[in-house]
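Note sheet for the following structure.
Numbering (the working numbering), first residue to last: 80 to 535.
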């Protein structure tokens, strides 16, 4: 018994020593220049994104013109500003992003930008983009970092905050979040469709006019080469760019990868943002670093360590939550969002809705496009959660128009996934106004049939 206690005590001591070592490593001062660089890049690209929304009319199209908004679970109270409110909101976001880039009133501008961005994000699920989710996470992280210590107007106006060092955990957290998007984007690609070159083979059709690489993109080998290449790139690029021996070819691969993505796919600012963010993975210190003025190392506070550990654990678990649900996640959509499933599926759907008087069985067909924007309708036709939410939102209006209450609403959704024949996505006999979409599997979502071929 005494020997057992000594063994346990010894292991506990070694564990405490190891934890203490990591706490000291994360708290150690490092060059502040990479974090300042990321602040500038992040803010500048957010200014550009706000300008894009203004210049392309997306504020009106996405947040003013629609009659119905697909809110997120628990956030049904989030609604667009009325009148010119949405334009004012984006204008303020642009100013805040500029302040972040300049490092001006950063401690106020960064959290306000994060809150304002998440507000826009939460307005409508049909506008979900993985890189918007990434921006929201990074904006939240930046709100808690001392990214204005160097190369900022705050440091000019208040010289007492000017320092050329930051705790190591601040930069490591940014690196981790960017790495998560890459790595789990690769993990998500480990599925039969992607490894077989689907849906890449469909997306590359008509790409022959892309500068330099057009003829290759239309070749028969391109779908497999790009699918497998994208998978390996996502899984390996972060360690490759951080390792000295592979850094130069890794950077060249990053440039080629993101420029190709920008030319072939409509993915907005994402390739340019990831390109610009690449230097944060370069080794520190950067030029001008003077280690003589560094403070002594104080181990990371336990409370901060627990918060960071919880955040990291959450980021690692979320991409795997679809494994708790039956079926193909690209078909059912259960666990698809917030999991870095980027450009994995091509879904094309047709849907018809019927309002039913349960007491008489009388039916009325109605056109969903009368109530949704073209983008909303396109997304809703292939996403069960949006179908159910649409049914709940349109039910009161139809009950008033038809003078029938209650009304049941059913849908017949015929969907093709990655070139497969069309199949019925949801049970056409289920009243979607009562269909539940939550943590439990949605039994009213039908399984993907086991077709023998991907296209017929």
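For each residue, glycine too, the CB sits at the ideal point set by N, CA and C. Quick caveat: nothing in here was measured; it's all calculated off a predicted structure.
Buried or exposed (CB count within 10 angstroms, at least 16 for buried), residue i
| i | result |
| --- | --- |
| residue 503 | exposed |
| residue 271 | exposed |
| residue 323 | exposed |
| residue 515 | exposed |
| residue 396 | exposed |
| residue 529 | exposed |
| residue 432 | buried |
| residue 537 | Because the chain here runs from 80 to 535, residue 537 falls outside it and cannot be looked at. |
| residue 128 | buried |
| residue 428 | buried |
| residue 135 | exposed |
| residue 130 | exposed |
| residue 393 | exposed |
| residue 284 | exposed |
| residue 456 | buried |
| residue 512 | buried |
| residue 509 | buried |
| residue 288 | exposed |
| residue 439 | exposed |
| residue 447 | buried |
Beta bridge counterpart(s) of residue i as assigned by DSSP
| i | result |
| --- | --- |
| residue 470 | For residue 470, which the question treats as bridged, DSSP gives no partner whatsoever. |
| residue 498 | In DSSP, residue 498 forms no bridge with anything. |
| residue 155 | Beta-bridge pairing links residue 155 to no other residue. |
| residue 245 | 109 |
| residue 490 | 432 |
| residue 143 | The partner list for residue 143 (beta bridge, DSSP) is empty, contrary to what the question assumes. |
| residue 346 | DSSP lists no partner for residue 346. |
| residue 445 | 432 |
| residue 426 | 496 |
| residue 505 | 524 |
7 Å CB neighbourhood of residue i in its chain, flanking five on each side removed
| i | result |
| --- | --- |
| residue 496 | 409, 410, 424, 426, 527 |
| residue 216 | 256 |
| residue 353 | 337 |
| residue 412 | 462, 463, 464 |
| residue 286 | 293, 296, 297, 343 |
| residue 281 | 425, 498 |
| residue 138 | 132, 165, 166, 169 |
| residue 520 | 404, 405, 413 |
| residue 525 | 503, 504, 505, 506 |
8 Å contact criterion, which residue i and residue j should meet: CB distance rounded
| i | j | result |
| --- | --- | --- |
| residue 147 | residue 451 | 6 Å |
| residue 320 | residue 377 | In fact, because the Cβ distance is near 30 Å, the residues do not count as touching under 8 Å. |
| residue 213 | residue 196 | The Cβ separation is near 11 Å, so there is no contact. |
| residue 247 | residue 105 | 5 Å |
Other residues of its chain near residue i: CB distance less than 6 Å, five sequence neighbours each side excluded
| i | result |
| --- | --- |
| residue 317 | 258, 261 |
| residue 477 | 434, 486 |
| residue 522 | none |
| residue 364 | 110 |
| residue 182 | 227, 231, 232, 233 |
| residue 178 | 184, 188 |
| residue 201 | 151, 154, 157 |
| residue 436 | 483 |
| residue 420 | 267 |
| residue 479 | none |
| residue 125 | 176 |
| residue 206 | 141 |
| residue 383 | none |
Own chain, CB closer than 8 Å to residue i, minus 5 neighbours either side, in chain order
| i | result |
| --- | --- |
| residue 400 | 414, 418 |
| residue 144 | 452 |
| residue 310 | 265, 268, 269, 273, 274 |
| residue 391 | 255 |
Task: Touch test, the segment 220-238 against the segment 187-207, Cβ-Cβ under 8 Å, three pairs minimum - done: yes
TODO: Give a yes or no on contact between the segment 239-251 and the segment 108-121, applying the rule of three or more CB pairs nearer than 8 Å.
DONE: yes
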